Amino acid sequence: MAGPLFDEGERWWIEQVDAAVRGAGFATFLPHRDNPPKTADNVADIFANNVAAIDRASIVVASLNGVTTDDGTAWEIGYAFASNTYIIGLHTDWRRRFDDEVVNLMLEQSCDVLVHSLDELVRCLEGWSPPPV
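Residue numbering for the sequence shown is 715 to 847, as defined by the numbering used here.
And the structure:
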């Protein structure tokens, strides 16, 4: 799961996405749930945990809502793309910054598929099979 986690609304939303993904039969890694609370002493461990979770992932589901995509989410998408991990972008926000793109073209083109609702995400996951290597 990739997405901003900085306020209660963002955490609530990503937890809804996480529940939908788990409901479709996938195990998930949710950073604010599966890491210890952040302190000055453990940020390197949290970073390593997040990278390891992407390394283990078959799919990264990235919440792309907001006027701009969260910078940590953008990094996770880039890392997943470079690792040849399948990426599903989830954009339910009606605001658009670009005429011909939903989000920044580098992020949009990194996603294997872009969905616009939790129902569409679940349908995508239910029909998903790993792409040929």
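Ideal Cβ placement from N, Cα and C applies to all residues, glycine included.
Keep in mind it's a predicted model, so treat the numbers as computed, not measured.
Close-in-space but distant-in-sequence residues of the same chain around residue i (CB under 6 Å, 5 per side omitted)
i           : result
residue 717 : 728, 777, 787
Chain-order list of residues whose beta-carbon lies under 8 Å from that of residue i (same chain, five-residue window excluded)
i           : result
residue 838 : 802, 827, 829
Rounded straight-line distance, which links the Cα of residue j to that of residue i
i           : j           : result
residue 723 : residue 813 : 27 Å
residue 820 : residue 732 : 24 Å
residue 785 : residue 834 : 25 Å
residue 780 : residue 804 : 11 Å
Contact check, residue i vs residue j, beta carbons under 8 Å
i           : j           : result
residue 799 : residue 760 : no
residue 791 : residue 842 : no
residue 806 : residue 824 : no
residue 725 : residue 746 : yes
Cβ distance (whole Å) where residue i is taken to contact residue j below 8 Å
i           : j           : result
residue 739 : residue 836 : About 10 Å; that fails the 8 Å criterion.
Range of the contiguous alpha helix (DSSP H) that encloses residue i
i           : result
residue 828 : Premise fails: residue 828 lies in the beta strand (DSSP E), 827-829, not in any alpha helix (DSSP H).
residue 758 : 757-770
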